[in-house]
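Chemist: Numbering (my numbering), first residue to last: 3 to 1097.
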């Protein structure tokens, strides 16, 4: 951003000094003048800066006004002293007239004019030349504007209110930075003798009056109340009022209190770092910048008005598209944050279902997911979708949704670990459905074609057929989502047809939210991190975008047999082939930046030139290497269809990538020199070329003028110097200052030197500044045109990047599959539902354990074998781990990975449903048993004949009788009607016996073996972790208590009570058997009653 003082005259700095310093030496006066680089808008805003300019070294003495930067009018010290005396005399007259008449002034414009004229006329005898009179006329106009805006009231100086923090900037911009102390003196007296705030008759103060800059901030804040505004003023970023409090808390910076506004500030070069911290804390942040440049504004029609400012960038957690080399905001899982719109039909149907529409966009990757579905009162389907989408921001209607829906959304958005970014829930007002659909159609019916590098038009980016085919409720959600993204200037992401995907893609399995939790796919149940999860065991990707795709694969295993077979063949070839091509593939992806995020930054025009050059150079390197693999010798060619397609897709894009890359001047791009970003600037950016030609001409004239100055000052070695942001300065020692012409402008100085500019230099530098700003505007426009052309090939680039991500995932799966003891699963593509595993091991636990993992066999078949496994065993014997192992092996097989087993044969499952663990749900107001029943009900509704179901200790959250009866009823229904494969873990031995007797052909009991020695407190248990047929003898819960460290006396008492309970159970069973026999003899019982009594 241009400096507020770029191309402007140096504003006069008014300093009050005691009268005994009137004869101060030039050296003392020089100490009063600050560097021009130090006078930015923030210093003028600060009350401390305002008061520091008007300090007195001797408060008891009479004060006179002195202009610190009075120009040197002669070539001798005597002439300088005469001019200084004249200036002091003029200032004294100004003070006399102002102080003498302030108390008698009236508020009308006429009286103001007459008194201004009277004051100004008293100084005409001092400055009577035409230039001075013209300057005085401008000053009178400025003073009149200020005095008529606010009444002047006579107050004693002791009651002078605090200087307004933002007055100085507004005044200086309104007046055009006139280099005189007169206007500043009037402004300071206006503030000092301001009218007291009027009351409304009820003791309340009248509304505050604000400077133009203050009003500018207030207007922007009123229109963006939910946004933290980062206000760029000069070379600082300001936060005011409540935004300052937020920034102070989150950024750990000082909050200055006092005046009209609280304020906090950060330097501009650290802006994006601080914005990222605010975004991660869950805030919406808007960056307010000047939209006018200083040099062009100075010659424009608005030169005397405040700089226009507006929100140029807006960010939330989901819309933050980070730099290429930075880590993801959303933790270690490699998923970019997502915006999700959730709409709910307020009417609940007679079947108890509620209709929902969901639409989401991931700005970091460009992926758009939509769905329309019905859900029950517990919102299981909604919870599953939100867990898969992992939203950083959820958009809901301003009217509250149902309490169940609000609870689910709040839980998933806000229930995050402390190390993770905070999510947001934003509410928007909805229009009618017809208006939303009409607005959506208008968005897509507008011409969206782009122009390629050859100037030819490309076909429209998206077909209206895709939009028209969406359900009406999804169209409304999509319209809301587009409006929300338009606030962040991201609406163009919705123009790509391949970005639109339905949530329930039938080529993939959709794991439910409770399955992701119970199997610890992405987060463990201990601390919520990825440690000890299947994700951590599999991930060895080399790129960030490959990591994202692997997570998608893991969350949505394949159910398409052809796609799954192709993936397995590719992994097998990577593992077994020794060809040059496969060896090259293992290294080609090393060191790639986040190309997926870079493409989105191109699409949003947010990419920097170094990032652009890095992205295209990386794509060029990879495409070149893969092009060499596309046509290898016969012995080196790859056989996998998936690998062939991947290599050819990337190789064919090389010519397009090189076409874009060859336009760029890479050294200039790496140095962020936008004006030189093209090799042929004249062809690609003629306006930039012309402006640069003008700049070069001006710089040549400056060099010629330097030769003239050398002759004038008789200094043959004279050179231009640069001090901070001030360029082209002539530095002269103080001893030679008398030789400087009177019309030269002194810019700044040190204790030994002064720095000047001649009138010709000032004129040339003003032209140069205007040309530089024109060049920069033209360069930005040319850069945007190039990015738009690059974005015109979005589909091709996206296909290339997704192909590279796919290769990265295949290489990662191959690394996992190469571990000892892993085998290739054999897929059965028929109507049977089969799971046969020999020597299966848990893929995560075996990595954690130092001891060898105990392998187990599983054989389940819906045609000729067991469909339901009823698993019993001691506590801590490994029942739940065995059940999880079976499910994880299925997931690994169906993502195309080898599995930790001696052999595995399976059919393709369409779903994995789990009910494991026990915990209440306080946020939803559900008890432990209610959670069990809710999850069980969801499984009963969702299970099919090709589902794999895990039920762990169902029914333990209530009484023994109710738990057993409900567990029996649920299990029997799933087995008899849904007919999938089921592993049921339980301690209800009687339930196992009953079900096995009822379904002897396809239900069987198994247990986890232990070695035990009978006795009381001396009982010893050795867990074998080995699956065996039949029921377990005991649960050995007391032994677990012993391992946990319970006192021996307590354990002895527990063993005694256990023996008594066993005897009571045996007596109860005998009585029940006797009653059954009696009923049988009388013929008064039914078979179902007998089963329940046995339970």
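Here a beta-carbon is modelled for each residue, glycine too, at the ideal position from N, C-alpha and C.
1) Can you tell me where the beta strand (DSSP E) holding residue 271 begins and where it ends?
2) Runs of 4 residues minimum, wholly inside the region 831 to 911: which ones carry the alpha helix (DSSP H) assignment?
3) For residue 533, which of helix, strand or coil comes out of DSSP?
4) Tell me the DSSP secondary structure of residue 277 in three-state form.
5) Mind reading off the beta-carbon distance from residue 601 to residue 800? Whole number of angstroms is fine, and I expect it under 8 Å.
6) Specify the secondary structure class of residue 966 as computed by DSSP and reduced to three states.
7) Going by DSSP, what residue range makes up the alpha helix (DSSP H) through residue 774?
8) Between residue 264 and the rest of its own chain, which residues show a CB-CB distance below 6 Å, the 5 nearest in sequence each way excluded?
9) Rounding to the nearest angstrom, what Cα-Cα distance links residue 908 and residue 983 in this structure?
10) Provide the residue span of the alpha helix (DSSP H) that contains residue 416, from first to last.
11) Strictly by DSSP, which residues pair up with residue 755?
12) Considering residue 240, what are the terminal residues of the alpha helix (DSSP H) in which it resides?
13) Which of the three DSSP states, helix, strand or coil, is assigned to residue 682?
14) Just to confirm my understanding: we take residue 733, look at its own chain, exclude 5 residues before and 5 after, and list those with CB closer than 6 Å. What are they?
15) Does DSSP put residue 73 in a helix, a strand or coil?
16) Would you mind giving the Cβ-Cβ distance between residue 411 and residue 398, rounded to the nearest angstrom? I have them listed as a contact below 8 Å.
17) Would you tell me roughly how many angstroms separate the C-alpha atoms of residue 316 and residue 610, rounded to the nearest one?
18) Would you kindly work out how many angstroms separate the C-alpha atoms of residue 497 and residue 603, rounded to a whole number?
19) Are there 16 or more other CB atoms within 10 angstroms of the CB of residue 376, so buried, or fewer, so exposed?
20) Heavy atom of the ligand COA less than 8 Å from the Cβ of residue 566, yes or no?
21) Look at the alpha carbon of residue 564 and the alpha carbon of residue 574, and state the distance between them as a whole number of angstroms.
22) Mind the definition here: the region 880 to 896 touches the region 949 to 960 only if three or more C-beta pairs lie below 8 Å; say whether that holds.
23) If you check the beta carbons only, do residue 684 and residue 298 fall under 9 Å apart?
24) Report yes if the C-beta distance between residue 993 and residue 966 is below 9 Å; otherwise report no.
25) Look at the alpha carbon of residue 678 and the alpha carbon of residue 667, and state the distance between them as a whole number of angstroms.
26) Hey, out of 714, 691, 554, 811, whose CA is closest to residue 644's CA?
27) Can you tell which of 889, 662, 717 has the C-alpha that lies nearest to the C-alpha of residue 794?
28) Relative to the C-alpha of residue 804, which candidate in 944, 651, 858, 865 has its C-alpha closest?
29) Would you grab the beta carbon distance between residue 522 and residue 535 for me? Rounded to a whole angstrom, and I think it's under 8 Å.
30) For the region 615 to 669, list the alpha helix (DSSP H) runs that are entirely contained and at least 4 residues long, ordered along the chain.
31) Alpha carbon to alpha carbon, how far is residue 554 from residue 335? Give it in angstroms, no decimals.
32) Which residues in the same chain have their Cβ closer than 8 Å to the Cβ of residue 816, if we skip the five residues on either side of it in sequence?
33) Contact defined as beta carbons within less than 8 Å: I believe residue 915 pairs with residue 514. What is the distance between those atoms, to the nearest angstrom?
34) Output the distance between the C-alpha atoms of residue 912 and residue 940, rounded to the nearest integer angstrom.
35) Below 9 Å between beta carbons: does that hold for residue 842 and residue 828?
36) Considering only DSSP beta bridges, list what residue 824 is partnered with.
Modeler: According to the structure shown:
1) Residue 271 sits at position 269 when you count from the first residue of the chain shown. Segment: none, residue 271 is in no beta strand (DSSP E) and carries neither H nor E.
2) Secondary structure remark: continuous alpha helix (DSSP H) runs of at least 4 residues inside the region 831 to 911, in chain order: 847 to 850, 881 to 896.
3) Along the chain shown, one-based indexing puts residue 533 at 531. It is coil, neither helix nor strand.
4) On the chain shown, residue 277 is found 275 positions in, with the first residue counted as 1. Three-state DSSP puts residue 277 in a helix.
5) Looking up residue 601 in the chain shown gives position 599. Looking up residue 800 in the chain shown gives position 798. Confirmed, about 6 Å.
6) As a working mapping, residue 966 is identified with position 964 in the chain shown. Under the three-state reduction of DSSP, residue 966 is assigned to helix.
7) Counting from one through the chain shown, the residue named residue 774 turns up at place 772. Residue 774 -> alpha helix (DSSP H) spans 761 to 794.
8) As a working mapping, residue 264 is identified with position 262 in the chain shown. Once the five neighbours on either side are set aside, the close Cβ partners of residue 264 are 243, 246, 257.
9) In the chain shown, residue 908 corresponds to position 906, counting from 1. In the chain shown, residue 983 corresponds to position 981, counting from 1. Cα to Cα, the separation comes out at about 11 Å.
10) Taking the chain shown and counting its residues from 1, the one referred to as residue 416 is at position 414. Segment 405 to 416, the alpha helix (DSSP H) holding residue 416.
11) For this step, residue 755 is matched to residue 753 along the chain shown. 735.
12) Here residue 240 is taken as the residue at index 238 of the chain shown, counted from 1. Counting along the chain, residue 240 falls outside any alpha helix (DSSP H), though it belongs to the beta strand (DSSP E) covering 238 to 242.
13) Your numbering for residue 682 matches position 680 in the chain shown. DSSP, read as helix, strand or coil, puts residue 682 in coil.
14) Numbered from its first residue, the chain shown carries residue 733 at position 731. Closer than 6 Å at Cβ, skipping near neighbours: 723, 755, 757.
15) Mapped onto the chain shown, residue 73 falls at position 71. For residue 73, the predicted model reports a pLDDT of 40, less than 50, meaning its position is unreliable; a value from the coordinates is still stated below. Residue 73: coil per DSSP, three-state reduction.
16) In the chain shown, counting from the first residue as 1, residue 411 sits at position 409. In the chain shown, counting from the first residue as 1, residue 398 sits at position 396. Yes, they are in contact, since the Cβ atoms of residue 411 and residue 398 sit about 7 Å apart, within 8 Å.
17) Position 314 of the chain shown, counted from the first residue, corresponds to residue 316. Position 608 of the chain shown, counted from the first residue, corresponds to residue 610. Their backbone Cα atoms lie some 17 Å apart in a straight line.
18) As a position in the chain shown, residue 497 is number 495, starting the count at 1. As a position in the chain shown, residue 603 is number 601, starting the count at 1. Taking the straight line from one Cα to the other gives about 15 Å.
19) Here residue 376 refers to the residue found at position 374 when the chain shown is read from its first residue. Residue 376 comes out exposed.
20) In the structure on display, the ligand COA does not appear, and there are no ligands present to speak of.
21) If you number the chain shown from 1, residue 564 lands on position 562. If you number the chain shown from 1, residue 574 lands on position 572. For residue 564 and residue 574, the gap between their C-alpha atoms comes out near 15 Å.
22) The answer is yes - the region 949 to 960 touches the region 880 to 896, with three or more Cβ pairs under 8 Å.
23) Here residue 684 corresponds to residue number 682 of the chain shown, with the count starting at 1. Here residue 298 corresponds to residue number 296 of the chain shown, with the count starting at 1. No, they are not a contact pair.
24) Here residue 993 corresponds to residue number 991 of the chain shown, with the count starting at 1. Here residue 966 corresponds to residue number 964 of the chain shown, with the count starting at 1. Yes; because the gap between Cβ atoms is below 9 Å, this pair is in contact.
25) To locate residue 678, count along the chain shown from 1; it is residue 676. To locate residue 667, count along the chain shown from 1; it is residue 665. So the alpha carbons of these two residues sit roughly 7 Å apart.
26) Here residue 644 refers to the residue found at position 642 of the chain shown. If we check each option's Cα against that of residue 644, 811 comes out closest.
27) Start at 1 with the first residue of the chain shown, and residue 794 comes out as number 792. It is 662.
28) Position 802 of the chain shown, counted from the start, is the residue given in the question as residue 804. Selection 944, 651, 858, 865 evaluated against residue 804 yields 651 as nearest (Cα-Cα).
29) As a position in the chain shown, residue 522 is number 520, starting the count at 1. As a position in the chain shown, residue 535 is number 533, starting the count at 1. Confirmed, about 5 Å.
30) Taken in chain order, the whole alpha helix (DSSP H) runs of length 4 or more contained in the region 615 to 669 are 643 to 654, 656 to 663.
31) On the chain shown, position 333 is the one that residue 335 refers to. On the chain shown, position 552 is the one that residue 554 refers to. Model confidence at residue 335 stands at a pLDDT of 36, short of 50, so the residue's coordinates are unreliable and nothing is read from them.
32) In the chain shown, counting from the first residue as 1, residue 816 sits at position 814. Contacts found: 573, 576, 577.
33) Sequence index remark: in the chain shown, residue 915 carries index 913 (1-based). Sequence index remark: in the chain shown, residue 514 carries index 512 (1-based). Rounded, the Cβ-Cβ distance is 7 Å, consistent with contact.
34) Along the chain shown, one-based indexing puts residue 912 at 910. Along the chain shown, one-based indexing puts residue 940 at 938. About 16 Å.
35) Position 840 of the chain shown holds residue 842. Position 826 of the chain shown holds residue 828. Not closer than 9 Å, so no.
36) Here residue 824 refers to the residue found at position 822 of the chain shown. Note: residue 824 is bridge-paired with 902 in the DSSP secondary-structure output.
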